[in-house]
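Report on the following structure.
There are 4 protein chains.
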Amino acid sequence: MKMVAASNGKEYIDRINRLKTKVWINGTQVKGNISEHPAFSGVMKSQAALYEMQYDPKLKELMTYKSETTGERIGTSFLRPTSIEDLEKRRKMIQTWAKATAGMMGRSPDYKNTTLMALAAAADILEEQGPQYPENLRTFYRYAKEEDLSFTHTFIAPQVNRSSLHYESDDDIVAARIVDKTSEGLVIKGARLLATQGGITDEIIVSSSGLKMFEEPFAYAFSIPSNTEGLKFICRESFAYDASNFNHPLGSRFEEMDSVVVFDNVIVPWERVFVVENIEAANNLYSKSSYKPLVQHQIVSRQVVKAEFVLAVAQLIVNTIAIGEYPHVKEKICEIIIAVENHKALLMASEMGAKLDKWGTMAPDVNPLSVAVLQFPKLYPRFTEILQLLGASGLVTIPTEADLHSPIKGDLHQYLQAANENAESRIKLFRLAWDISMSAFGSRQTLYERFFFGDPNRLTQALYHEYNRHTLTEEVKKQFGI
Amino acid sequence: MKMVAASNGKEYIDRINRLKTKVWINGTQVKGNISEHPAFSGVMKSQAALYEMQYDPKLKELMTYKSETTGERIGTSFLRPTSIEDLEKRRKMIQTWAKATAGMMGRSPDYKNTTLMALAAAADILEEQGPQYPENLRTFYRYAKEEDLSFTHTFIAPQVNRSSLHYESDDDIVAARIVDKTSEGLVIKGARLLATQGGITDEIIVSSSGLKMFEEPFAYAFSIPSNTEGLKFICRESFAYDASNFNHPLGSRFEEMDSVVVFDNVIVPWERVFVVENIEAANNLYSKSSYKPLVQHQIVSRQVVKAEFVLAVAQLIVNTIAIGEYPHVKEKICEIIIAVENHKALLMASEMGAKLDKWGTMAPDVNPLSVAVLQFPKLYPRFTEILQLLGASGLVTIPTEADLHSPIKGDLHQYLQAANENAESRIKLFRLAWDISMSAFGSRQTLYERFFFGDPNRLTQALYHEYNRHTLTEEVKKQFGI
Amino acid sequence: MKMVAASNGKEYIDRINRLKTKVWINGTQVKGNISEHPAFSGVMKSQAALYEMQYDPKLKELMTYKSETTGERIGTSFLRPTSIEDLEKRRKMIQTWAKATAGMMGRSPDYKNTTLMALAAAADILEEQGPQYPENLRTFYRYAKEEDLSFTHTFIAPQVNRSSLHYESDDDIVAARIVDKTSEGLVIKGARLLATQGGITDEIIVSSSGLKMFEEPFAYAFSIPSNTEGLKFICRESFAYDASNFNHPLGSRFEEMDSVVVFDNVIVPWERVFVVENIEAANNLYSKSSYKPLVQHQIVSRQVVKAEFVLAVAQLIVNTIAIGEYPHVKEKICEIIIAVENHKALLMASEMGAKLDKWGTMAPDVNPLSVAVLQFPKLYPRFTEILQLLGASGLVTIPTEADLHSPIKGDLHQYLQAANENAESRIKLFRLAWDISMSAFGSRQTLYERFFFGDPNRLTQALYHEYNRHTLTEEVKKQFGI
Amino acid sequence: MKMVAASNGKEYIDRINRLKTKVWINGTQVKGNISEHPAFSGVMKSQAALYEMQYDPKLKELMTYKSETTGERIGTSFLRPTSIEDLEKRRKMIQTWAKATAGMMGRSPDYKNTTLMALAAAADILEEQGPQYPENLRTFYRYAKEEDLSFTHTFIAPQVNRSSLHYESDDDIVAARIVDKTSEGLVIKGARLLATQGGITDEIIVSSSGLKMFEEPFAYAFSIPSNTEGLKFICRESFAYDASNFNHPLGSRFEEMDSVVVFDNVIVPWERVFVVENIEAANNLYSKSSYKPLVQHQIVSRQVVKAEFVLAVAQLIVNTIAIGEYPHVKEKICEIIIAVENHKALLMASEMGAKLDKWGTMAPDVNPLSVAVLQFPKLYPRFTEILQLLGASGLVTIPTEADLHSPIKGDLHQYLQAANENAESRIKLFRLAWDISMSAFGSRQTLYERFFFGDPNRLTQALYHEYNRHTLTEEVKKQFGI
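Protein chains in written order, with the working numbering: chain D, 230 to 711; chain F, 230 to 711; chain H, 230 to 711; chain U, 230 to 711.
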């Protein structure tokens, strides 16, 4: 028995390299160690550094907790909270990781770990399918936390036809579906979208959550190793255009990659199946558990850090070129401050209003979190707009690292100095602002936040239906005799 | 010694009637009992009902507290908080009053009581002017809470010239200033603006807070009885156009009136003077005390109730005419929900982050409150816009109480019924929505919220300067080597 | 034969008074001359003044045209345009009337005159119902223009249930429908909404335009005199609270009143019937004629004047209290300038792109007009918001006319003076701004503009479907090989 | 004498290659033919194609005009308009070029050609400096149009310190200034920002236009060849990351590059000097000539094409994935339609309101153009936001050209097909949308439009001061007796 179940960075990288997952990018299959491929080396290094923090003596207490069953130290993001203190510990741990990535890794391990924990905590919901299914889920959760596995997941069907009336025919399979069940397991064929970090995680979790509406062949939930036979990850163009941390300070480190996942008659072993052909179970697993408050608590914790990061960068621009006197500049900075304070308050309020759910899990109040998750898709793009408006021409007159070591470096030091920074610091700052708000990496971050927890139109509808305002309306009716 | 210092409704009305304050409206001076004048009878009745709640056996514990010195029960809004529990008690009390007025009385007594408490708690600030000044303030606070006095105040100079370069000459006095100091006291001449409830309170507090910039003759703070010799309140047109609670459900009850206050060589006795010709003291009293967090805590508590009230009315419109299915309707309701949840969370966060100030007062965290107070001026007008968009033609086809008791009542019952309400309930609801969003009373409420705590442009500047983001910028500089 | 068919003001007032139309307000039926009733006297005087302009020697050429058939002079708003010059003449005439009312009379006679002209010009559309129907419409148009009749109309069903699935049962009639056809004519029972100026016009035009979806009993179009047996107008509360032109400069003049129209088995003579139980004809009359471009041309012409009026008032506030130096003030004024310039340009563009329709009518380009009509509902409310933001406290510290003639007038002249105006001018200006943006009259104007040509959501859908962008998409496909 | 003065594509490329201008990029000086350098080859090819259109028999009449003096055919963008027909011809020519570049080349030759024409047309303004200066400008304009020269220009000082109080010391030169005047010419030292296309044009125009405030050493205007001794162009990182027209359909073609221009004691020959140490002349040249209406007419003509291009791409996304039924989708498309129609109308209105200026140049009405130029910086970023909101996940699951020719092409054809397009067309479309709204190239376009004609805050101030609304305010004062 290891004393520490949590992975360190090297273990993570070695495990992923050993998998030899089938990953295609720009017409070629990745060969050799994926951690050395230019499209993945930056993000894998950053992810490894996160795992490494679990071993940092100063952070260990926060980043891990002691397993009640094995006594080993487990990553805190797997911790099922049973008290408000647990929620606080989770928040602090999540924000510590988020700070290390400037909030730019939406799929840092805590995201899926939280999901898995939240679902396993309410595995009883799967009971009606037969006792093996909740057990499969609980067993897998234990296994995952003790091995500190990493995950990707897919949550949408290919965007072939988004019309509300569209149903896919059986003959022309696009969206991944159950095509057979054998003694070995389920057989899955078709594609699923948007596996972020697809190809650089131990496992892939696949479920029906997020699908618009579906029939039984689409009602499933399972997890399988990324290198399962028949599984293929097809990547988009990498936005890690430049490996220099100076030139592309974010893209070179945090470009997580997104991929289409193709299932070519993939067999999912029965012990890894959590939901099978049961629409109700597939829905309930997400809607009746504390999945939504717990995962949104993780999301908002990260978003707060990301928002504060942008606030800092915006303020640094203001300081650097000395534009703090202008009313419109103050107003823009205040816009971010206002957003940060609201977001922080909603997070706090969710913890203050937390209650034990029926399985004994301490679930944060879902209302402030749903509101936070609904408003961030409008706030974050506005933040990047503010960076553009403050940085202005400074964002398109930034030389590269090579320029600063070339014969023209004297010109740069003279002509690109700033009121309150030398040219090198100023260039670094503007490159950072550019990589948040204007690079292909940055724009993908913006798009990602727009849709992080689903289409905002659907989130709005959900809030409308879930938010209890009956007491308020009754009070008004009584007060005014209506 | 009374066992209860707090006023009841009758005491309040009798006291005000006895004052015979000089109040002018529509070219005529109010004669006789002001509580019977059509412009004031509605709001005085509502205010009396608030005081009466202090005697309601079910509410007494909440609405009052026991004086440590006299053992009497004092109105809770005078309570100087020394613990987070005190802040909670204050919030609940404030919101109980706010619910009784649908948040429509911005000058319900708790507002100025809180101000007076907050200033008196930090009276030491006035020490440098001489020991009598802090003592004057503390004595007056004690007197006010034990008599449960009501207040108006004035916070802006006449809007003659808002140019930043404008200074008033000594020869042509407009803004009220100190023109003399005699053995009796200060002599004040000139005008001040916007005494809401001017003429129907025991006293008027006058200070320099809120003035753009000022010189010594404008640096003062004092309180005097409303009927002081030389004092005159000039009212605007009353928006209590109709005394029927059916026709104008809000205007008939909560029209507080605004007035210009004219000082015609008014003598302020020395024992009522808190600041005199001392710009620094005048500023510090507001900026160095816990005035801002404590008063903003009162304001936001009320705003939350008002926001929830509008949410309820909006939802009732949706229910009544059955428009809940439309995406744009859901989105509009969610806009209000989002605002309500943010506002509630900011209020909670201010209490969670409360700290004792140097005089032992438990001051809420000012940041979330400043943000709340800064955003409400944009939110509330949008709420009224949403009511208009949902109510549409229904808001301009509403008959009166008299119509429902006339020969055409049959037509009304038939043709103005709603999907989920009878005609009378529907008419009441739409009249309520109209009185929030479209009547002269309602529009004045909207304007009031736009400027409640001052010009939003100045609030933005204040937030920009007060909000600490140095830690954040330093972290980013370190992380990215800037 | 008169040489002038156009009415003068006295003729209009006398005709309306003679009708003795059944008008109910605040539980009482109007008796005696309606032009002397406080709810109607202001607007009827203003309307009479419009008619009178047709006789003003300086304006006569513009305000009227010579009938080809009778040689009489007819009001220009009845002119069927057959050239771009005709469109220009129509625009100038419409704007001349609009200037006289500050754009505040949405139902000045030109609005319905334009409608009637546009429908009659395409009366052939009704041919399939039988030759008498187009003839009825053409004959009525001739009669109307030669008598210079005034009209109200109703365009929506009572707001009982706005759900998309709601159908009214036959047993419980709410929306006005055909209940019988006799030798005398159609028999109509039920109610219709929002007859603005209902009760103070010669006739009422009733049609199915604007109904969401309907069945045959609701498919009709006709015009009948306001005093037809069985017809009743039920008014809302009058917002002409004060007859003083000083105190309520707009409400005292232009409060048009809105009413519910009740049809109690009203008989519509056959010669006045244009559409009967024919859904296609009812729709085509509006969608296949040049109704939309011609009426929108009238609407936008008026809106331009109204927008310019608000711009002027906003600028006058800026001048009066000397706030023009502040960037946020400049930005707000520029917001209105931008809106004005766009609106004017769209109107110009519609004339530049005008084409003859198949009946020889010169129809303006509908696209710029539909865009203008779709954006004004967002612009106008913003204008009123800007007035509130600029006027601030000045909008709730305005005395009345009586105050200026009372013993306190000296105080007012001293304390309410402005940087660039004396107190009286300043009070007049702020009363005007208040009556645009804050009075019950003003708010009703705002609501009216929000929904002037129908629910903006439906207008958006219409634009989406009507706007041709096929050429653009084909070009891009070709250029980029898609 | 050539019959055609206008360049063809080859001439342009050969001329630029021959210049051997000093261009630095990523730490290295460009050697060899710049037209073959990966950072410049795409855009130079596109620019050459524009010149080539001047020889297209179908377009020649439009793209060129016959010189009155030489009889040669000159590029239409050099045409000084003297009639409304000339303005129309100019607009059509500009839009023809703009269509060829999807409006993505802000510095297509017509932009600077228009500037030069507009300034030369009003060269008399320079008369007070001495007769040689207007003559220099006119001579240079003749030379430029007859040789069909290409230009870059620089319009801002380095962003060292944007504080309003900042003045640069003489000892530490940053912003380019006159350091000496010799018999040869002016001597210039320092830097200027944002020469778009810097290094790939024949000449560079340098003037004080756009500087915030300046002193005499900064008051100059001249044009010199790009390869003048002492001149250096320092480029930012190239956003032409991928030369494939399939992968980066816009970036590979239209990446214009921006550069810092360094003047190392550059000598400007006297015959090329238009303004020297004369602040008034420097300002008047831009503010008193018809520069603003003429250049804005060029800008808005291009913006209309760009807006229509985005509208088409947005609509193609809607068609491709069949989302046209959703109200929020319709609303987003209509947002673009509304913007397009307003922009087109403003352009039309500027031509309708054109007037001859005092030098006989037909100047479009400046008001609608200033409004258009002021609103585009808000509209265009919103367009790209709409593309992101419509394209959603489809924008980050797009494979590359290589993928479509690889072993996995079958998967792509199956799983990335769309409702109304095959996989290849759909991928091309989404790549195009991505390159508008999300690539580094696209974001730079967005930034560029935000600041195209200067800081929007300053444009707002200018509009506030230039827009005549005196007539409107006087009318209101008269009408309401203010």
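All residues carry an ideal CB built from backbone N, CA and C; glycine is no exception.
None of these values were measured; they are calculated from a predicted model.
C-beta contact flag for residue i and residue j at 7 Å
i               : j               : result
A349 of chain U : R367 of chain U : yes
F462 of chain H : S488 of chain H : yes
V403 of chain H : N494 of chain H : no
V502 of chain U : A510 of chain U : no
G256 of chain H : D632 of chain F : yes
Residue interval of the alpha helix (DSSP H) (run including residue i)
i               : result
P606 of chain D : 595-620
E314 of chain H : 313-329
I565 of chain F : 556-581
L460 of chain H : Counting along the chain, L460 of chain H falls outside any alpha helix (DSSP H), though it belongs to the beta strand (DSSP E) covering 460-464.
A373 of chain U : 361-376
R679 of chain F : 669-679
F659 of chain H : 652-666
Chain F residues whose Cβ lies nearer than 9 Å to that of residue i
i               : result
M334 of chain H : Within 9 Å Cβ-Cβ: nothing; M334 of chain H doesn't reach chain F, min ~15 Å.
Interface partners of residue i on chain F, CB under 8 Å
i               : result
H557 of chain H : N686
Chain H residues whose Cβ lies nearer than 7 Å to that of residue i
i               : result
Y470 of chain F : Y470
Exposure of residue i, with buried meaning 16 or more beta-carbon neighbours within 10 Å
i               : result
V687 of chain H : The displayed chain sequence assigns Arg, not Val, to residue 687 of chain H. R687 of chain H comes out exposed.
A472 of chain H : exposed
H694 of chain F : exposed
Q258 of chain H : exposed
E466 of chain U : buried
N596 of chain U : buried
L316 of chain F : buried
Contact belief for residue i with residue j at Cβ below 8 Å, rounded distance in angstroms
i               : j               : result
L248 of chain F : S455 of chain F : 6 Å
I550 of chain D : A647 of chain D : 5 Å
G589 of chain D : V490 of chain D : G589 of chain D to V490 of chain D, Cβ: 35 Å. No contact.
Listed by chain order, chain F residues near residue i by CB distance under 7 Å
i               : result
C563 of chain D : T689, L692, Y693
Residue range of the beta strand (DSSP E) that includes residue i
i               : result
N494 of chain U : 488-498
G419 of chain U : 414-421
Interface partners of residue i on chain U, CB under 9 Å
i               : result
P610 of chain D : E614, Q617
Contact set between residue i and chain U, taken where Cβ atoms lie within less than 7 Å
i               : result
E554 of chain D : S392, S393
Interface partners of residue i on chain D, CB under 7 Å
i               : result
F709 of chain F : P478, K657, L661
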